[in-house]
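Asker: The structure's right below; bear with me while I get my questions together.
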Amino acid sequence: MLGKIISFEGIEGTGKSTQIQYLRTFLSSKDIDSVTFREPGNTYIGEQIRHLLQHDPDACNMCAETELLLFEASRAQLVRELILPTIYNSIWVICDRFFDSSTAYQGAARKLFEKIVHQLNHFAIGECVPDLTILLDIDVDLALKRLQGRKEQKDRIENEPTEFFRRVREKYLQLAAEEPARFFTVDATLPVETIAEKICTHVQKRFAL
Ligand SMILES: Nc1ncnc2c1ncn2[C@@H]1O[C@H](COP(=O)(O)OP(=O)(O)O)[C@@H](O)[C@H]1O
Ligand SMILES: [Mg+2]
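In our numbering, the protein residues as written are 12 to 220.
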């Protein structure tokens, strides 16, 4: 049987990385092997793109159109080089961000033409739509406060003003409302263990584990 694809979405600091660990532990307790991919990156091509997108000081003048195309290029490679072979091997794929991030960040927040973002997303992923997308939702100010405790330097996109992340959050909520069969939205202000329990219970029911 094909492995499932589960993507995690939400602005920075919502707890995606934290919850992915809990979900993988739960899956492994059900004898399900899983791997995690983060966007952008994972493949050789994707990691070169990640550097350009996030930390290369010489790329700080990147225009929004280039940003979108680079994310999509990294995504197209990730799907074909890693995601498809993994699910064909019956291993589940957990994506720390996937194409909804481009709809929210490059589409809504950067205000690129929505239809183009939609078409490029589908060109990049092909048939590889996640079976389930978990949206961790939180007030933007609270998420940004959480990130202050982090050691790593902010990347190019994380340096955007608060208003940018408000547009991202609103778009995510809109997407979840439009596609209730694919999205599961969780209040990310709850304690870590409570969120993990909600997610694992949903996954268990959704996939009859
Ligand atoms: N439910 C939660 N309540 C309080 N703090 C949390 C919660 N989930 C994660 N955190 C903390 O918030 C910060 C960001 O979490 P992280 O999992 O790295 O988020 P993301 O991957 O979405 O950016 C970390 O310091 C983490 O320990
Ligand atoms: Mg993370």
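We put the CB at the ideal spot given by N, CA and C, even for glycine.
1) According to DSSP, what are the bridge partners of residue 20?
2) Does the Cβ of residue 99 have 16 or more other Cβ atoms within 10 Å, making it buried, or fewer, making it exposed?
3) I want to check one thing, is the minimum distance from the CB of residue 17 to the heavy atoms of ligand 1 below 7 Å?
4) Shortest alpha-carbon distance to residue 207 belongs to which of 15, 12, 13, 19?
5) Around the C-beta of residue 111, are 16 or more other C-beta atoms found within 10 angstroms, so that it is buried, or is it exposed?
6) Would you call residue 51 buried or exposed, if buried means 16 or more other Cβ atoms sit within 10 Å of its Cβ?
7) Give the C-beta separation of residue 123 and residue 26 to the nearest angstrom, bearing in mind that I take them to be a contact with Cβ-Cβ under 8 Å.
8) How far does the beta strand (DSSP E) with residue 106 in it reach, from first residue to last?
9) Could you name the residues, in chain order, whose CB is less than 5 Å away from a heavy atom belonging to ligand 1?
10) Within 10 angstroms of the Cβ of residue 88, are there 16 or more other Cβ atoms? Answer buried if so, exposed if not.
11) Report the partner residues of residue 45 according to the DSSP bridge assignment.
12) To which residues of the same chain is residue 85 closer than 6 Å at the C-beta, ignoring the five residues directly before and after it?
13) Buried or exposed for residue 117, going by 16 or more other Cβ atoms inside 10 Å?
14) For residue 197, report the span of its beta strand (DSSP E) as first-last.
15) Just to confirm the assignment, what range does the alpha helix (DSSP H) spanning residue 214 have?
16) For residue 45 and residue 194, I'd like the C-alpha separation in whole angstroms.
17) Distance, Cα to Cα, residue 125 vs residue 213?
18) Counting Cβ pairs closer than 8 Å, one from the region 185-204 and one from the region 134-146, do we hit at least three?
19) So residue 139 and residue 94 are supposed to be a Cβ contact under 8 Å. How far apart are they, rounded?
20) Report whether the distance from the Cβ of residue 148 to the nearest heavy atom of ligand 2 is below 7 Å.
21) In or out: residue 163 buried (at least 16 other Cβ within 10 Å) or exposed?
22) My assumption, with CB atoms under 8 Å, is that residue 63 sits in contact with residue 82. Please give the rounded CB distance.
Answerer: So, from the data block:
1) 146
2) exposed
3) no
4) 19
5) buried
6) buried
7) Rounded, the Cβ-Cβ distance is 27 Å, inconsistent with contact.
8) 103-107
9) 23, 24, 25, 26, 27, 28, 29, 157, 203
10) buried
11) 103
12) 51, 57, 60
13) buried
14) 194-198
15) 203-217
16) 20 Å
17) 30 Å
18) yes
19) 6 Å
20) no
21) exposed
22) Residue 63 to residue 82, Cβ: 11 Å. No contact.
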